[in-house]
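Taking it in order: structure first as structure tokens, then the write-up.
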Amino acid sequence: MSCVLLLSRADLSEVAALEAEHFPAPWSLEQFQSSYDRGMCRVHGVRDGAMLIGYISCLVLPPEMEILNMAMLPAFRRRGFGRALVTAALRGGTVMGVSICHLEVDETNLAAVNLYSALGFTRIGRRRGYYHCPQGTKDAILMTCESQYLKP
Ligand SMILES: CC(C)(COP(=O)(O)OP(=O)(O)OC[C@H]1O[C@@H](n2cnc3c(N)ncnc32)[C@H](O)[C@@H]1OP(=O)(O)O)[C@@H](O)C(=O)NCCC(=O)NCCS
Numbered sequence: 101m102s103c104v105l106l107l108s109r110a111d112l113s114e115v116a117a118l119e120a121e122h123f124p125a126p127w128s129l130e131q132f133q134s135s136y137d138r139g140m141c142r143v144h145g146v147r148d149g150a151m152l153i154g155y156i157s158c159l160v161l162p163p164e165m166e167i168l169n170m171a172m173l174p175a176f177r178r179r180g181f182g183r184a185l186v187t188a189a190l191r192g193g194t195v196m197g198v199s200i201c202h203l204e205v206d207e208t209n210l211a212a213v214n215l216y217s218a219l220g221f222t223r224i225g226r227r228r229g230y231y232h233c234p235q236g237t238k239d240a241i242l243m244t245c246e247s248q249y250l251k252p
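Per my numbering, the sequence shown runs over residues 101 to 252.
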């Protein structure tokens with residue numbers, strides 16, 4: 101059975117490849133490495149055998165952290181891995197002294213909005229025109245979590 105792992109610098113090329121598959125403005129490998137080397141970037145992942153099938157990337161600057169991105173390969177969605185990735189990232193942040201987690205998400209991304217809401221994130225604001233898409237722009241909603249996952 102697959103489980104969530106804290107990924108290392110050596111895993112970042114696979115993370116960057118998954119990121120590029122899923123997002124229109126992906127972080128490059130160099131961005132991941134630079135952030136990792138400065139001790140700010142933590143990435144958790146799930147493997148199926150040797151293959152990385154999902155990840156969550158976070159900036160951790162206690163007492164705050166930010167979820168940058170997360171993605172699961174389509175064939176592995178709706179199996180609870182997304183929930184497990186967010187929970188692992190939040191628990192890891194808590195151990196490092198984080199007490200609040202922020203994120204931005206496309207408000208039309210129901211899978212992600214539902215996932216974050218189910219884990220205790222609440223909407224606190226909106227960034228108009230934050231995402232560029234072929235149809236123009238889309239708003240991002242800002243969410244934060246101070247849930248039980250963040251309490252020591
Ligand atoms: C968002 C994403 C990471 C969720 O991963 P996942 O492994 O499928 O999530 P889980 O199986 O843990 O789902 C947990 C909960 O999230 C919600 N959810 C997940 N997918 C959903 C969907 N397609 N529609 C509605 N709600 C959904 C549900 O509440 C679900 O709980 P349930 O299965 O008990 O109903 C995945 O859909 C994905 O990779 N999407 C593309 C990339 C993306 O949008 N990333 C988010 C950027 S902020």
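Glycine included, every Cβ here is placed at the ideal spot set by N, Cα and C.
It should be emphasised that the depicted structure is a prediction, and the values quoted were computed from it without experimental measurement.
* Determine, using beta carbons only, whether GLU166 and SER199 come nearer to each other than 8 Å. => Sequence index remark: in the sequence shown, residue 166 carries index 66 (1-based). Sequence index remark: in the sequence shown, residue 199 carries index 99 (1-based). No, Cβ-Cβ distance for GLU166 and SER199 is not below 8 Å.
Hey, would you say CYS158 sits closer than 8 Å to LEU168, going by beta carbons?
-> Within the sequence shown, the letter at position 58 stands for residue 158. Within the sequence shown, the letter at position 68 stands for residue 168. For CYS158 and LEU168, yes; Cβs fall inside 8 Å.
Are LEU242 and HIS202 close, meaning C-beta to C-beta below 8 Å?
Here the question's residue 242 lines up with position 142 in the sequence shown. Here the question's residue 202 lines up with position 102 in the sequence shown. Contact flag set, yes.
> Using a threshold of 7 Å, is the CB atom of PHE181 nearer than that to any non-hydrogen atom of ligand 1?
Replying inline: Taking the first residue of the sequence shown as 1, we reach residue 181 at position 81. Yes, the beta carbon of PHE181 sits closer than 7 Å to at least one heavy atom of ligand 1.
_Does the structure place the segment 173 to 189 close enough to the segment 130 to 137 that three or more beta carbon pairs sit under 8 Å?_
no
Below 8 Å, can you find three or more Cβ-Cβ pairs linking the segment 142 to 154 to the segment 109 to 127? yes
Please report the distance separating the alpha-carbon of THR187 from that of ARG226. One-based indexing of the sequence shown puts residue 187 at position 87. One-based indexing of the sequence shown puts residue 226 at position 126. Going from the Cα of THR187 to the Cα of ARG226 covers about 24 Å.
By Cβ distance below 7 Å, which residues in the same chain neighbour ALA120 in space, the five residues on each side in sequence not counted? Taking the sequence shown and counting its residues from 1, one reaches residue 120 at position 20. Closer than 7 Å at Cβ, skipping near neighbours: PRO126.
Do you know offhand how far VAL115's Cα is from VAL213's? On the sequence shown, position 15 is the one that residue 115 refers to. On the sequence shown, position 113 is the one that residue 213 refers to. Whole-angstrom Cα-Cα distance: 22 Å.
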